[in-house]
Amino acid sequence: MRGSKLITAIMVIAMLTVAMVPGAVAAESDDQSLQVGVSQDVETGNATVTVTRNDTDNTAVDNATVVVESNGNYSGNDTYQTDSNGTVELPNPEERVTVTLNVTTEDGNNTTEVSEELIPLNESLDVSVEQDDANDTLTATVTQYDELVEGASVQVNGTDYENDTYQTDANGTVEVVEPANATNLTFNASSGDLTAETTVSVDGNDLGLTVEQVDNTTIVINVTDDDEPLEGANVTVSGDYTDAGDYETDENGTVDLAAPLQNNTTLEVTAEYEGQTISKTVTIDGELEEDDPFGAFVSTFVERLKQSTVEGPMGQAVSEFVTENNPGKADEKRPDHAGKKDKGDKKQGPPEHAKKGNTDEDADAEDADAETTDDDSTEEEESTEEEESTDEEDSKNNGKSNNGKGNGN
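Numbering of the sequence shown is given in our numbering, commencing with residue 120 and proceeding in unit increments.
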């Protein structure tokens with residue numbers, strides 16, 4: 120029995136001892152740290168310092184002491200007490216300044232310190248620019264004291280934009296198409312009396328253009344965007360070429376065309392997509408050889424016309440082709456396969472009087488003889504026509520005379 124009482128007494132003493140020890144964990148949870156926030160008014164530029172406890176309700180801390188210090192010439196350097204909302208108002212700075220805020224609660228148990236840059240009102244507007252290569256766009260964002268500004272005017276200075284002016288949307292943003300080439304762009308933003316400016320270096324668009332010739336019979340034009348095939352791009356082909364015109368890339372980003380008829384044909388190829396363009400000049404070999412007969416060129420041209428949509432009569436197109444490319448045309452028009460032109464000779468062949476050995480007097484005499492011969496020929500033709508006319512009239516008169524004699528009988 121005495122042993123049982125002793126054990127009971129020891130247990131009671133131990134329980135009393137534990138109950139008298141302060142709870143360390145509970146004390147730590149009651150000691151909340153402080154949060155300090157700083158914001159500036161978009162109308163006045165004044166700064167508001169807000170002190171709260173770092174709890175779920177962000178409880179405002181009133182009667183906290185706020186000591187403001189800075190290494191610049193700031194009129195707000197002073198000691199303040201937070202109001203019932205846990206706030207202190209500081210004046211608009213005259214220049215950019217970094218202030219240090221030392222905050223202590225009323226009971227002195229909590230202290231914290233933060234630094235913040237204050238910006239004067241007249242410098243509060245800001246514009247930033249981001250480039251989106253995936254969408255080929257530039258996005259300008261206008262803010263004031265880190266708040267988005269709707270309805271601000273943004274002017275883009277650059278040759279691709281003609282100094283156009285845009286208005287920011289509800290997100291404070293303006294979106295423009297990426298420039299065709301790498302360049303520096305200046306964005307000027309304004310809102311009320313406030314202005315902001317930034318200059319950025321941007322990359323050009325990522326359109327790619329290649330022109331390849333396959334087996335001297337086909338031209339393959341490839342258009343890419345960010346190295347990926349681009350469907351729906353507009354392609355313009357210019358030059359002395361039967362298939363010159365406007366086309367659109369397929370799902371593979373390509374346009375397939377027949378090769379030109381003649382060698383060394385220069386083509387200007389331009390691809391355009393959503394305001395972005397890229398151009399390339401290429402020299403292409405022809406489908407036919409230089410020494411092929413001209414008839415082969417005409418036949419190939421006709422076959423191409425049959426396979427394409429021709430505006431107007433086909434015969435007219437063939438006639439124009441022959442007229443433009445006929446080897447018998449003047450030297451400046453003749454194609455390579457028509458033979459080399461004679462230097463210093465503007466006509467296809469010299470007249471007889473221009474040949475070697477003839478003098479100027481002989482040439483004049485030959486010209487005079489030619490004119491005389493032409494005149495004699497004309498006179499002979501006129502005489503023959505008059506004689507034929509006279510014979511016809513005599514024949515008619517004789518017929519009438521014979522008819523009269525017959526009636527008399």
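Just so you know, even glycine gets a beta-carbon here, dropped at the ideal spot from N, CA and C.
**beta strand (DSSP E) runs wholly inside the stretch 211-275, at least 3 long, in chain order** = Counting only runs of 3+ residues, the beta strand (DSSP E) found wholly inside the stretch 211-275 occupies 216-223, 230-237, 244-251, 256-263, in chain order.
**Buried versus exposed call for ASP255 [16 or more other C-beta atoms within 10 Å across all chains shown]** = Its Cβ being crowded by 16 or more others within 10 Å, ASP255 is buried.
**Simplified DSSP state of THR355, which is helix, strand or coil** = Note: THR355 maps to strand in three-state DSSP.
**Message:** Rounded to whole angstroms, what is the Cα-Cα separation between TYR360 and GLY372?
**Reply:** Going by the C-alpha atoms only, they are around 22 Å apart.
**Nearest to ALA231 (by Cα), restricted to the options ILE340, VAL186, ASN165** = In the sequence on display, residue 231 carries Thr and not Ala. Ranking ILE340, VAL186, ASN165 by Cα distance to THR231 puts VAL186 first.
**Request:** Would you decide whether THR287 is buried or exposed? Buried here means 16 or more other CB atoms lie within 10 Å of its CB.
**Result:** Label assigned to THR287: buried.
**Request:** Could you tell me whether the stretch 326-342 touches the stretch 384-401, where touching means 3 or more Cβ pairs closer than 8 Å?
**Result:** Three or more Cβ pairs drawn from the stretch 326-342 and the stretch 384-401 lie within less than 8 Å of each other, which places the two stretches in contact.
**Prompt:** Under three-state DSSP, which class holds PRO298?
**Reply:** Looking at PRO298 - three-state DSSP - the assignment turns out to be coil, as it is neither helix nor strand.
**Prompt:** CB GLU225 to CB ALA183, shorter than 8 Å?
**Reply:** It is a contact, given that the beta carbons lie within the stated cut-off.
**Prompt:** Smallest Cα separation from ALA378: which of GLY191, ASP365, ILE403?
**Reply:** Ranking the options by Cα distance to ALA378, first place goes to ILE403.
**Message:** When you compare the CB of ASP359 with every CB in chain D, is at least one pair closer than 8 Å?
**Reply:** The structure shown contains no chain D, having only a single protein chain.
**Request:** Please determine, among GLU347, THR314, GLY227, GLN154, the residue with the shortest C-alpha to C-alpha distance to THR175.
**Result:** Residue GLN154 holds the alpha-carbon nearest to the alpha-carbon of THR175 among GLU347, THR314, GLY227, GLN154.
**Asked** To the nearest angstrom, how far is it from the Cα of THR314 to the Cα of LEU244?
**Response** Cα to Cα, THR314 sits roughly 6 Å from LEU244.
**Request:** Check SER310 in the structure and name its three-state DSSP category.
**Result:** The answer is strand: DSSP assigns SER310 an E or B state.
**Message:** Tell me the residue span of the beta strand (DSSP E) that contains GLU387.
**Reply:** Taken as a continuous stretch (DSSP letters only), the beta strand (DSSP E) holding GLU387 covers 384-392.
**Per-residue burial, SER203 [other beta carbons within 10 Å of its own, 16 or more giving buried]** = Burial call: exposed.
**Asked** For ALA138, which residues of its own chain have a beta-carbon under 8 Å away from its beta-carbon, when the five flanking residues on both sides are left out?
**Response** Reliability fails at ALA138, whose pLDDT of 40 lies under 50, so the model's placement of it is uncertain and the value that follows must be treated cautiously. None.
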